[in-house]
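Visitor:
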Amino acid sequence: MTQLAVALEFDWQNPLWFWLAGAAVAILSVGILFGYLSVRQASTRKLLLGVLKFAAIVLIALCLINPRWVKRSPQPGENIVALVVDNSSSLTTRGENGKSWGHQIDAAVRDPETPWQLRLAQDFEVRRFQFGGRPRPVESFEGVQFDDTESHVGAAVVAVEERLTNQPLGAILLFTDGNSTKTDLETVLNTDVPVFPVIPSEEKSYADLSVESISVSQTDFEDAPITVLVKVKSANEAIKEVVAWLEPLDSISSTTPAEAISENGEGNLAQPAKPDPAPQQITLDVNNRGTVKFELAPEKFGLLFYRFHMISPDEEEFFETPERSREVTLVNNSRIFSIEHRSQPRRILYVSGRPNWEHKFVNRAVTDDHQLQLVSLIRIAKKEPKFDFRGRVGERSNPLFRGFKDEIDEEAEAYDQPVLIRLNTQNEEELRDGFPKTREELYRYDAIVLDDVESAFFSHDQQSLIERFVSERGGGLLMLGGPDSFRSGNWQRTTVGDALPVYLDQVPTSPDSSLRFNLTRDGWLQPWARLRSTEDAETQRIAAMPAFTSATAVKYAKPGARVLSQMHDEGANSFPALAVQSYGEG
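Per my numbering, the very first residue in the sequence shown carries number 20; after that it's consecutive.
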C-alpha cells in the first residue's frame, strides 16, 4: 500500500546555497551582537532592534534556500479497499424493531451508488467479497441472501488478505454480526492490514436460545443405550427455562433388526421396540448455559438421523409460527445429528493350537449373545514330516483323513500340513486355507484370540498382518497362556510380541505354589473386568474361586500397559494375570 505523508521539503538548485546562507546568517548575527554592545542606548531598544534585524536576515536566507511545503498522497485508485459481507443465516435474526440485522447491512451495501461508496471509490479501488465458508468475489451485493449455513469470519478475512497479497490492499471493511461458526475470530487481530468491523446497531436486550454442541457416546454393544449430550445457552437472563426433545428423521437402513444377517448364520438381531426419550425441561445455570442428556435405544439399525429441538416452555405453541416468538430467531434452536447404529455382530477369530477347555467355555459364553460371533480355527494335529511312512503303501495324505473326502483326494491334508477344523464359519469358503493371508480376509474380523499357539504356526507375513490388524485397522488382540504361548511359543522379538502389553524377552520366576487371583485398582474400575454388579458380590466371587495350580508367568508389564488383575503365590510373588494396552489404533 502507498503510504500517505505530509512533509516540509527544502528545494534549492545547489546545496552550496544552504551552507552559504547559514554562514551569512551566523556572521551577520555576530556582527549585530557586537555592534549593539558598543552602542550606549537603552537595553530594551537595543534588544528590539537586534531581533528585527536578525529576523530580516533569516527571511532573506530562507528566500535564498527556497523552501516549499509538499503534501504527498497516492493517486486515486492506487490502493485497494475490500468490502467483505457476511452472508450467513445468523444475520436474519430480528431486533426489537422487528427488522433483521441483515436488513441493516443490505440497506448499506446493496446499492453501489450510495454516497459513502461513491466517495470511497474516488480515492480507492473497491473490491467486493461475500462469505459463508470461504469468501468469493462478487461484482455487487445484490445476490446477498443471508442463507449460508456457516460463517467463518476469521478465515474469510485471512483468505481475502492472502488473495490480495501482491496488491496494494489498504483496508478491509467487514460487515458481519460477529457470530462465527468457528473459533477463529482472534485471527482477525493478526492481519497485516487494518480491519474495520461494521456491525449492526446493538439492541439493549434480546432473547435467544442456541445450540452450542452435540456429542454422541456409544459403546461396542448394541443393547447399551446411546447417550446424547446437548449443550445449550441463552443470550442473557431473558430465558432460564428450556424444554428440549428429539425428533427421529428418515434413516439410511437397509435391514430391520428381524432381518439382519440371518441368511449368513449370524443370528437374529431383533430387539423389543423401545420408546423415544421423553421431552426434558432444564434450568440454565448462572452463566445461562445448560446440558440436556438423552439416552436412545433405537429399534432400527444403520445410519440414523435425529433433530434436536428446544424452546422456552411458555412458547411451545409458537414453534410452528416463529414470527410470534419473543426470540430473535428460532433457526438456532434446532440441529440435526446422526448416529451409526451397527447391525452387524462383532466377529472374533479364535485361533487355538490344540483342543482345550478354554475354547469350550468361551464358545458357550457367547453362543446366546447376538452381538458376538465366535469363528474358530482349531488345530487338532500338528504337521508331520513327509518322510513319515506310517500310512499305507502309496498313501500321501494324513491317516487321520482316511475314509473322508475319497472323492476329492487332492484336497486331503498332507503330512507337512497341520490338521485344522473350522467352527461357526459363515460359509464353506471362510478360513478354508487356514489363517488369513491377506488384509481383505483378516480385516473382516473385529478381534483375534490366540490360544496356546506358537509363533511358528504363522508365517512372517501373517505375523506382520496381525500387527497391522491391531495398529492400523484398530482391531483387538488377546493372547491366552499355555505351553506354546508367550515366551514358550517364541513370541519374543516378533511383531506380534511388540503389540502385547507384557515383556517376553525376560525369563520370569516360576511360581512357588498355587496361585490366587485378584483384581487390581484399575481392574475394579473396568466394568467388563467384573462379573458381578456390586463390589461385595465380586469380592465374594473371587474369594470362592479355587486356587490355580499352574500359570504361564510373565515378569513385567510394559510402561504403557495397565494390569487389571494379578496372581499371587504363597511366597508373596505377584504375576500379571490380565494386562491391556493401546497399540496404534487398537
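Think of the CB as a built atom: it goes at the ideal place given N, C-alpha and C, for glycine as much as any other residue.
Can you tell me whether W120 is buried or exposed? The criterion is at least 16 other CB atoms within 10 Å of its CB, across all chains shown.
Guide: The residue you call residue 120 lines up with position 101 of the sequence shown. Buried: at least 16 other Cβ atoms inside 10 Å.
Visitor: Return the chain-ordered list of same chain residues with a C-beta closer than 6 angstroms to the C-beta of K312, the five sequence neighbours on each side being excluded.
Guide: If you number the sequence shown from 1, residue 312 lands on position 293. Excluding residues up to 5 positions away in sequence, L248 lie with their Cβ nearer than 6 angstroms to the Cβ of K312 in the same chain.
Visitor: Thinking D196 and S108 are a contact (beta carbons under 8 angstroms), I'd like their distance in whole angstroms, please.
Guide: Counting from 1 along the sequence shown, the entry for residue 196 is found at position 177. Counting from 1 along the sequence shown, the entry for residue 108 is found at position 89. The pair is not a contact, with the Cβ atoms about 11 angstroms apart (cut-off 8 angstroms).
Visitor: Are E158 and R147 close, meaning C-beta to C-beta below 8 angstroms?
Guide: Mapped onto the sequence shown, residue 158 falls at position 139. Mapped onto the sequence shown, residue 147 falls at position 128. A contact, by the Cβ cut-off of 8 angstroms.
Visitor: Check N537 in the structure and name its three-state DSSP category.
Guide: The residue you call residue 537 lines up with position 518 of the sequence shown. N537 falls in the strand class under three-state DSSP.
Visitor: Could you give the first and the last residue of the continuous alpha helix (DSSP H) run that contains D531?
Guide: For the purposes of this step, residue 531 is taken as residue 512 along the sequence shown, with counting starting at 1. Per DSSP, D531 belongs to no alpha helix (DSSP H) and is neither H nor E.
Visitor: Please report the distance separating the alpha-carbon of G448 from that of R441.
Guide: Here the question's residue 448 lines up with position 429 in the sequence shown. Here the question's residue 441 lines up with position 422 in the sequence shown. Reading off the sequence shown, one finds Glu at residue 448, where the question assumed Gly. Answer to the nearest angstrom: the Cα atoms are 10 angstroms apart.
Visitor: Where do the ends of the alpha helix (DSSP H) carrying P134 lie?
Guide: Numbered from 1 along the sequence shown, position 115 holds the residue referred to as residue 134. P134 -> alpha helix (DSSP H) spans 134–142.
Visitor: Based on Cα-Cα distance, which residue from G500, F488, S62 lies nearest to V515?
Guide: As a working note, residue 515 is residue 496 in the sequence shown. Comparing Cα-Cα distances from V515 to each of G500, F488, S62, the minimum goes to F488.
Visitor: Given that a residue counts as buried once 16 or more other Cβ atoms are within 10 Å of its Cβ, and exposed if not, what is N98?
Guide: Taking the first residue of the sequence shown as position 1, residue 98 is located at position 79. N98 counts as buried, since at least 16 other C-beta atoms from the protein chains shown sit within 10 angstroms of its C-beta.
Visitor: Output the distance between the C-alpha atoms of M586 and Q482, rounded to the nearest integer angstrom.
Guide: For the purposes of this step, residue 586 is taken as residue 567 along the sequence shown, with counting starting at 1. For the purposes of this step, residue 482 is taken as residue 463 along the sequence shown, with counting starting at 1. Roughly 29 angstroms between the two C-alpha positions.
Visitor: Have a look at the DSSP bridge pairing and note the partners of G495.
Guide: The count along the sequence shown starts at 1 and reaches residue 495 at position 476. Bridge partners of G495: A466.
Visitor: Is it right to say T528 is buried, meaning 16 or more other beta carbons lie within 10 angstroms of its own, or is it exposed?
Guide: Taking the first residue of the sequence shown as 1, we reach residue 528 at position 509. Around the beta carbon of T528, fewer than 16 other beta carbons sit within 10 angstroms, so the residue counts as exposed.
Visitor: Spatial neighbours of L183 within its chain, please: C-beta separation below 8 angstroms, excluding the five flanking residues on both sides.
Guide: Looking up residue 183 in the sequence shown gives position 164. The answer, listed in chain order, is I99, A101, R146.
Visitor: Looking at the secondary structure, which residues open and close the alpha helix (DSSP H) in which R326 lies?
Guide: As a first step, residue 326 is located in the sequence shown; it is residue number 307 there, counting from the start. Per DSSP, R326 belongs to no alpha helix (DSSP H); it is in the beta strand (DSSP E), 321–330.
Visitor: If you draw a straight line from the C-alpha of E359 to the C-alpha of S353, how long is it?
Guide: Your numbering for residue 359 matches position 340 in the sequence shown. Your numbering for residue 353 matches position 334 in the sequence shown. About 20 angstroms.
Visitor: Rounded to the nearest angstrom, what separates L391 and N446 at their Cα positions?
Guide: Position 372 of the sequence shown holds residue 391. Position 427 of the sequence shown holds residue 446. Cα to Cα, the separation comes out at about 17 angstroms.
Visitor: If you compare alpha carbons, which of G453, A40, L137 is closest to I84?
Guide: Here the question's residue 84 lines up with position 65 in the sequence shown. Checked all of G453, A40, L137; the closest Cα to I84 is A40.
Visitor: Would P213 and A178 be called neighbours here (beta carbons separated by less than 8 angstroms)?
Guide: In the sequence shown, counting from the first residue as 1, residue 213 sits at position 194. In the sequence shown, counting from the first residue as 1, residue 178 sits at position 159. Against a cut-off of 8 angstroms, the Cβ pair of A178 and P213 comes out as no contact.
Visitor: By how many angstroms is the C-alpha of T558 removed from the C-alpha of Y7?
Guide: Absent from the structure is residue 7, since the part of the chain shown begins at 20 and ends at 605.
Visitor: Measuring alpha carbon to alpha carbon, tell me which residue in I399, G372, I258, E459 is nearest S229.
Guide: As a working note, residue 229 is residue 210 in the sequence shown. If we check each option's Cα against that of S229, I258 comes out closest.
Visitor: In angstroms, rounded to a whole number, what distance separates the CA positions of R551 and V394?
Guide: Position 532 of the sequence shown holds residue 551. Position 375 of the sequence shown holds residue 394. C-alpha separation (whole angstroms): 27 angstroms.
Visitor: Which residue marks the beginning of the alpha helix (DSSP H) containing R182, and which one marks its end?
Guide: For this step, residue 182 is matched to residue 163 along the sequence shown. 172–182 is the span of the alpha helix (DSSP H), which, as asked, contains R182.
Visitor: A518 by DSSP, collapsed to three states: which one?
Guide: Translated into the one-based positions of the sequence shown, residue 518 becomes position 499. Three-state result, A518: helix.
Visitor: Just curious, the beta strand (DSSP E) that T302 is in, first and last residue?
Guide: Working through the sequence shown from its first residue, we reach residue 302 at position 283. Note, T302: beta strand (DSSP E), 299–302.
Visitor: Thinking C-alpha only, which one of S344, I397, S357 is nearest L659?
Guide: Nothing about residue 659 can be reported from this structure: the residues present for the chain run from 20 to 605 only.
Visitor: Would you kindly work out how many angstroms separate the C-alpha atoms of K319 and R463, rounded to a whole number?
Guide: The sequence position of residue 319 within the sequence shown is 300, counting from 1. The sequence position of residue 463 within the sequence shown is 444, counting from 1. Cα to Cα, the separation comes out at about 23 angstroms.
Visitor: Would you tell me roughly how many angstroms separate the C-alpha atoms of R138 and Y225, rounded to the nearest one?
Guide: For the purposes of this step, residue 138 is taken as the residue at position 119 of the sequence shown. For the purposes of this step, residue 225 is taken as the residue at position 206 of the sequence shown. Each residue's alpha carbon lies about 35 angstroms from the other.
Visitor: Counting Cβ pairs, one atom from each stretch, are 3 or more of them under 8 angstroms apart for the segment 575–595 and the segment 464–482?
Guide: no
Visitor: What's the C-alpha gap between G152 and E180?
Guide: Here residue 152 refers to the residue found at position 133 of the sequence shown. Here residue 180 refers to the residue found at position 161 of the sequence shown. The alpha-carbon atoms of G152 and E180 are separated by roughly 15 angstroms.
Visitor: Taking the C-alpha atoms as reference points, what is the distance between N185 and A175?
Guide: Locating residue 185 in the sequence shown gives position 166, where the first residue counts as 1. Locating residue 175 in the sequence shown gives position 156, where the first residue counts as 1. Roughly 18 angstroms between the two C-alpha positions.
Visitor: Sorted by chain position, which residues of the same chain lie with C-beta nearer than 8 angstroms to T310's C-beta, five sequence neighbours on each side aside?
Guide: Within the sequence shown, the letter at position 291 stands for residue 310. Around T310: L248, V249, K250, V251, I301.
Visitor: Using 8 angstroms as the threshold, is the C-beta distance between E604 and R492 below it?
Guide: The residue you call residue 604 lines up with position 585 of the sequence shown. The residue you call residue 492 lines up with position 473 of the sequence shown. With respect to R492, E604 sits close: the two C-beta atoms are nearer than 8 angstroms.
Visitor: Would you mind listing the alpha helix (DSSP H) stretches within the segment 32–59 that are 4+ residues and don't spill past its ends, in chain order?
Guide: 35–56
Visitor: Could you tell me the distance, in whole angstroms, from the CA atom of I280 to the CA atom of Q363?
Guide: Here the question's residue 280 lines up with position 261 in the sequence shown. Here the question's residue 363 lines up with position 344 in the sequence shown. For I280, the predicted model reports a pLDDT of 34, less than 50, meaning its position is unreliable; a value from the coordinates is still stated below. So the two alpha carbons sit approximately 7 angstroms from each other.
Visitor: Near P520, what residues of its chain come up, given a Cβ to Cβ distance below 7 angstroms and the 5 sequence neighbours on each side ignored?
Guide: To locate residue 520, count along the sequence shown from 1; it is residue 501. Excluding sequence neighbours, P520 sits near A576, K577, A580, A598, V599, Q600.
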